[in-house]
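Remarks on the structure that follows.
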Amino acid sequence: MTRLDLNYNFVHPKFKLDGFNLDKDGLCCVAYSMIKEGEPYEQEIGEFILDWFDNNSYIQMRTSGTTGLPKVIQISKQAMVNSALATGSFFDVQQGEKALLCLPAEYVAGKMMIVRAFILGWELDIVEPSTTPLENVSEVYNFSAMVPLQAQNSIDDLHKVKKLILGGAKVNSALAEDLKEAPTEVYETYGMTETVTHIAAKKVGEEAFTVLPGVKVAQDERGCLVIDAARVAEEPIVTNDVVKVIDDSHFVWLGRYDNVINSGGVKLFPEQIEERLSGKIDNRFFVKGVPDAKLGEKLVLVVESEPYTIDNKVFKALDKFEKPKEILFVEKFAETPSGKIIRDKSMVMA
């Protein structure tokens, strides 16, 4: 189904939830039951379903801060429908195919799995969100979405999902190598709340992202990604992600503009350095620039651990400018509710 005139009140006749064929009224009854008797994750799903079928043409969501400070914004339900159609087309997931929801419906990624199922006619099963979502799953699913940590903890069970998309965090090189061996098509996605989840994807191990139907990309004067996706956003979205644009349909992600370190006139991208160190340091870590009298900024490595000696061999993969000038240790990193490291707050603890 590729029509872009579908209304958000549409529920595909092939849609099933946990094995039951449900229309709009049936879904609302299930939602009330989830809210009244369900576990917290089920209550979130129930609340979203009722919000979806209310009289408003939008859903309120909290942004992650990709395009600025986190805030609550209104996302058009029709934009979410258009996003669902683009996903179905790009990943070739057809009506009647089985999908697994293992992300919380609190965030846009979980909400969009539900919308895709409504609109595209998937048979959607729900499991409680956890770091090991496939542990007690016996079915084989055509499609699912996870964060990288879930995929990392499910390597031995990935045969239960034929096509998997990953978002919410960067897929590091160590995990990418493991995923290449999995009997699953695994894609890393790029997107944010403002773009109604992903607007681009790439197979794990590939360098460049390919945009979804109806999306074009460019760069601003900072070298940051500008997204033109009229079907999901009325105005072009300017991000803080530094990219190399290959053409208006392909780009390579380099790092966050607000993380770039200018050390002695050399621009360093922390995310690229962290990628090269991935798997070489046992503890969680990040690199960051701190003020320096000679260099302007110097690069430091911050490790979540009690102090210990790190062998210099770890840094062989780095260019001379990328090697840390200092190593700091923090007992426990500051985190967002979704588990992302808050670098500035963590540095205060160093």
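Going by the UniProt record's numbering, the residue at position 247 of the sequence shown is 247; the numbering climbs one at a time, nothing skipped. We treat Cβ as the ideally placed atom computed from N, Cα and C, and that holds for glycine.
Please name the residue in Thr-193, Val-196 and Gly-168 whose C-alpha comes closest to that of Tyr-187.
A check of alpha carbon separations from Tyr-187 across Thr-193, Val-196 and Gly-168 identifies Gly-168 as the nearest.
Taking 8 Å as the threshold, find out whether the stretch 168-185 comes into contact with the stretch 212-229 through three or more Cβ pairs.
With a cut-off of 8 Å, the stretch 212-229 and the stretch 168-185 do not count as touching, because too few Cβ pairs lie within range.
Quick check on DSSP: helix, strand or coil for Cys-28?
In this structure, Cys-28 counts as helix in the three-state DSSP scheme.
Buried or exposed for Ile-342, please, with buried defined as at least 16 other CB atoms from any protein chain shown within 10 angstroms of its CB.
Counting the other CB atoms within 10 Å of its CB gives Ile-342 a total below 16, which places it among the exposed residues.
Mapping the DSSP letters down to three states, classify Ile-342 as helix, strand or coil.
Three-state DSSP puts Ile-342 in coil, outside helix and strand.
Candidates Asp-241, Leu-254, Phe-285 and Gly-265, of which the one nearest Leu-295 by Cα
The option with the nearest alpha carbon to Leu-295 is Gly-265.
Where does residue 367 sit, in a helix, a strand or coil, going by DSSP?
This structure cannot settle anything about residue 367, because the visible part of the chain is limited to 1 through 350.
Taking Gly-205 as the reference, which of Asn-172, Gly-214, Thr-193 and Arg-231 has the closest Cα?
Of the candidates Asn-172, Gly-214, Thr-193 and Arg-231, Asn-172 places its Cα closest to the Cα of Gly-205.
Only counting the same chain, and skipping five residues up and downstream in sequence, which positions put a Cβ closer than 6 Å to that of Gly-46?
Cβ-Cβ distances below 6 Å link Gly-46 to Ala-31, Met-34 and Ile-35 in the same chain, with the five nearest sequence neighbours on each side left out; the list follows chain order.
Classification of Asn-136 by the beta-carbon crowding that lies within 10 angstroms, buried from 16 upward
Only exposed fits Asn-136, as fewer than 16 other CB atoms lie within 10 angstroms of its CB.
With DSSP run on the structure shown, which of helix, strand or coil describes Ser-278?
Secondary structure of Ser-278 (DSSP, three-state): coil.
In three-state terms, what does DSSP make of Phe-333?
Here Phe-333 sits in coil by DSSP.
Alpha carbon to alpha carbon, how far is Ile-227 from Trp-253? Give it in angstroms, no decimals.
Cα to Cα, Trp-253 sits roughly 13 Å from Ile-227.
Met-80 versus Glu-207 - alpha carbon distance:
Cα-Cα distance, rounded: 27 Å.
Beta strand (DSSP E) containing Ile-227: first to last residue?
Where Ile-227 is concerned, the enclosing beta strand (DSSP E) stretches over 224-228.
Coil, strand or helix - Leu-101 by DSSP:
Reduced to three states, the DSSP call for Leu-101 is strand.
Using DSSP with H/G/I as helix, E/B as strand and the rest coil, what is Arg-62?
Reduced to three states, the DSSP call for Arg-62 is strand.
Could you tell me whether the Cβ atoms of Pro-133 and Val-140 are closer together than 9 Å?
Judged by their CB atoms, Pro-133 and Val-140 are not nearer to each other than the 9 Å cut-off.
Taking the straight line between their C-alpha atoms, what separation do you get for Val-348 and Ser-305?
Roughly 15 Å separates the two Cα atoms.
Taking the C-alpha atoms as reference points, what is the distance between His-12 and Phe-118?
Rounded to whole angstroms, the gap between the alpha carbons of His-12 and Phe-118 is 6 Å.
Please confirm if the stretch 299-313 is in contact with the stretch 321-332, defined as three or more CB-CB distances below 8 Å between the two stretches.
Cβ pair count under 8 Å is three or more, so yes.
Where DSSP assigns a beta bridge to Ile-165, which residues make up the other side?
Partner(s): Ala-145 and Tyr-187.
Once DSSP output is grouped into helix, strand and coil, what is the label at residue 351?
An answer regarding residue 351 cannot be provided, because it is not within the stretch 1 to 350 covered by the chain.
Leaving out five residues on either side along the sequence, give the residues of the same chain with a beta carbon under 7 Å from the beta carbon of Pro-291.
Glu-297.
Inter-residue spacing [alpha-carbon to alpha-carbon] between Thr-210 and Glu-235:
CA-CA distance, Thr-210 to Glu-235, rounds to 20 Å.
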